[in-house]
Ligand SMILES: NC(=O)c1ccc[n+]([C@@H]2O[C@H](COP(=O)([O-])OP(=O)(O)OC[C@H]3O[C@@H](n4cnc5c(N)ncnc54)[C@H](OP(=O)(O)O)[C@@H]3O)[C@@H](O)[C@H]2O)c1
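Residue numbers (my numbering): 25 to 355.
Written as structure tokens, this is what we have:
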């Protein structure tokens, strides 16, 4: 392939639609333990936007190429690479900078993905489905038939929670802020879908027959998260993993003293830092199986070419989207 590639870069933090530009770069020759990956797809996630704005806890050296996840195909390998062959579909390492046509990566940092999985779907397995899977396993021991509740249920992460919970036999209460999503999520497998309002606690009780809810997943914060916390059973856990409202979660003392609720957080970056290769593989395996069977699907609103990076980031920053905004490199 050509040794010149296009890459999105930003040299200063700021409004992504203003600071992002697409430049031509030289593609390095791979070292013996490296592979060249031609990118096929990469999503624009909220964390990517926050990183360009300078609001994400991981600060890259500038200039930087954004993109925390993506999928591609191996097109060249160094002499000592044995774990992957040319033609393999792979997921890029965490925080790598995926918004570029091709990259040179240490081969042992790449994760091989079954070729049957559509590249756009493969590109979005690394953050939201892994987050959903870990949150459903690492905090509360849930049995088949148990309930959990979540907000921002129509988000990429929220829909992954619905799909994985279904596969695990768990039942989900899904809170959204737009009425048109209620029926849509029910059709897609949500056991209960409700519009967020002041009556949500009563509606949850009615919809679940008063069954105890021992896990809440919070991607919003503020009043919305508090309304969800109030639906929980004693000794339940709320896991906060996003803060889309940008509002802090203020917890009434009674929820701590009388209900003994536990409030904790999850960050997939930390999970990747701490997980062994075996633990990563064990988490990816069931997600690959689900994706192959069409049970794990991230909704896409629009695909863009890399040259359209400014329009793509502006689109990704819009609320009320009907799915992810994705770069498609091979279209
Ligand atoms: N901690 C971690 O490791 C981790 C991992 C994955 C994701 N996340 C976080 O999880 C969140 C969701 O990520 P995603 O990729 O799934 O997002 P996404 O697909 O882009 O969806 C964004 C969601 O946020 C909702 N939203 C936006 N502004 C809101 C507000 N002011 N109040 C309530 N809801 C609001 C949107 O609702 P509308 O559609 O109605 O606009 C939509 O449901 C993000 O904060 C992301 O950073 C964290």
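Positions of the beta carbon are idealized from the N, C-alpha and C atoms, including for glycine.
Remember, predicted model here, so these are calculated numbers, not experimental data.
Inter-stretch contact at 8 Å, needing at least 3 Cβ pairs: the segment 110 to 117 / the segment 71 to 86: Pairwise C-beta distances place the segment 110 to 117 out of contact with the segment 71 to 86, as fewer than three of them are shorter than 8 Å.
Taking just the CA atoms, how far does residue 308 sit from residue 151? For the purposes of this step, residue 151 is identified with residue 127 of the chain shown, where counting begins at 1. For the purposes of this step, residue 308 is identified with residue 284 of the chain shown, where counting begins at 1. In a straight line, the C-alpha of residue 151 is about 11 Å away from that of residue 308.
Quick one: is residue 82 buried, meaning 16 or more other Cβ sit within 10 Å of its Cβ, or exposed? For this step, residue 82 is matched to residue 58 along the chain shown. Answer is exposed; the Cβ neighbour count stays below 16.
Is it buried or exposed, residue 93, if we count other Cβ atoms within 10 angstroms and call 16 or more buried? Taking the chain shown and counting its residues from 1, the one referred to as residue 93 is at position 69. Here residue 93 is buried, its C-beta having at least 16 other C-beta atoms within 10 Å.
Quick check: the Cα distance between residue 62 and residue 224, rounded to an integer number of angstroms? In the chain shown, counting from the first residue as 1, residue 62 sits at position 38. In the chain shown, counting from the first residue as 1, residue 224 sits at position 200. Using only the alpha carbons, I get a separation of about 47 Å.
Grab the span of the beta strand (DSSP E) containing residue 67 for me, first residue to last. The residue given as residue 67 occupies position 43 in the chain shown. First-last of the beta strand (DSSP E) with residue 67: 58 to 67.
Sort 324, 351, 346, 344 by Cα distance to residue 337 and report the nearest one. Taking the chain shown and counting its residues from 1, the one referred to as residue 337 is at position 313. Among 324, 351, 346, 344, the Cα nearest to that of residue 337 belongs to 351.
Cβ shell of residue 86 (< 6 Å), same chain only, five flanking positions each side left out: Position 62 of the chain shown holds residue 86. The answer, listed in chain order, is 35.
Taking the alpha carbon of residue 164 as the point to measure from, which residue in 314, 266, 256 has its own alpha carbon closest? Numbered from its first residue, the chain shown carries residue 164 at position 140. Of 314, 266, 256, the residue nearest in Cα terms is 256.
Is residue 205 near ligand 1, in the sense that its beta carbon is under 8 Å from a heavy atom of that ligand? Within the chain shown, the letter at position 181 stands for residue 205. It does: the Cβ of residue 205 is within 8 Å (strictly closer) of some heavy atom of ligand 1.
Following a CB-centred definition, is residue 304 positioned closer than 8 Å to any heavy atom of ligand 1? Numbered from its first residue, the chain shown carries residue 304 at position 280. No; taking the cut-off as 8 Å, the Cβ of residue 304 has no heavy atom of ligand 1 nearer than that.
Following a CB-centred definition, is residue 265 positioned closer than 8 Å to any heavy atom of ligand 1? The sequence position of residue 265 within the chain shown is 241, counting from 1. True, at least one ligand heavy atom lies under 8 Å from that Cβ.
Looking at residue 262 and ligand 1, is the gap between the Cβ and the nearest heavy atom below 8 Å? As a position in the chain shown, residue 262 is number 238, starting the count at 1. Because no heavy atom of ligand 1 lies under 8 Å away, the Cβ of residue 262 does not count as near it: no.
Given residue 192 as reference, the closest of 58, 273, 40, 156 once Cα atoms are compared: Counting from 1 along the chain shown, the entry for residue 192 is found at position 168. Across the set 58, 273, 40, 156, the C-alpha of 156 shows the shortest separation from the C-alpha of residue 192.
Measure the beta-carbon distance from residue 265 to residue 159 and round it to whole angstroms, keeping in mind my assumption that it falls under 8 Å. Position 241 of the chain shown, counting from 1, holds the residue named residue 265. Position 135 of the chain shown, counting from 1, holds the residue named residue 159. Yes, residue 265 and residue 159 are in contact; Cβ-Cβ is about 7 Å, under 8 Å.
Sorted by chain position, which residues of the same chain lie with C-beta nearer than 7 Å to residue 372's C-beta, five sequence neighbours on each side aside? Nothing about residue 372 can be reported from this structure: the residues present for the chain run from 25 to 355 only.
Flag this pair as yes or no: are the beta carbons of residue 330 and residue 353 separated by less than 9 Å? Along the chain shown, one-based indexing puts residue 330 at 306. Along the chain shown, one-based indexing puts residue 353 at 329. Contact flag set, yes.
Taking only runs that begin and end inside the segment 124 to 165, name each unbroken beta strand (DSSP E) of 3 or more residues, in chain order. Fully enclosed beta strand (DSSP E) runs of no fewer than 3 residues occupy 126 to 130 of the segment 124 to 165, in order along the chain.
Going by CA-CA distance only, name the one from 249, 246, 240 that's closest to residue 259. In the chain shown, counting from the first residue as 1, residue 259 sits at position 235. That would be 240, whose Cα lies nearest to the Cα of residue 259.
Pull the bridge partners of residue 113 from the DSSP assignment, please. As a position in the chain shown, residue 113 is number 89, starting the count at 1. The partner list for residue 113 (beta bridge, DSSP) reads 97.
Proximal residues to residue 248 (C-beta, below 6 Å), its chain only, five neighbours per side dropped: Position 224 of the chain shown, counted from the first residue, corresponds to residue 248. Answer for residue 248: 175, 220, listed in chain order.
Other residues of its chain near residue 162: CB distance less than 8 Å, five sequence neighbours each side excluded: Locating residue 162 in the chain shown gives position 138, where the first residue counts as 1. Here the set comprises 290.
Could you check if residue 229 belongs to the surroundings of ligand 1, using beta carbon to heavy atom distance under 8 Å? Residue numbering aside, residue 229 sits at position 205 when the chain shown is read from its first letter. Relative to ligand 1, even the nearest heavy atom lies 8 Å or more away from the CB of residue 229.
The beta strand (DSSP E) enclosing residue 171, as first and last residue numbers: As a first step, residue 171 must be located in the chain shown, where it is residue number 147. Start and end: 171 to 174.
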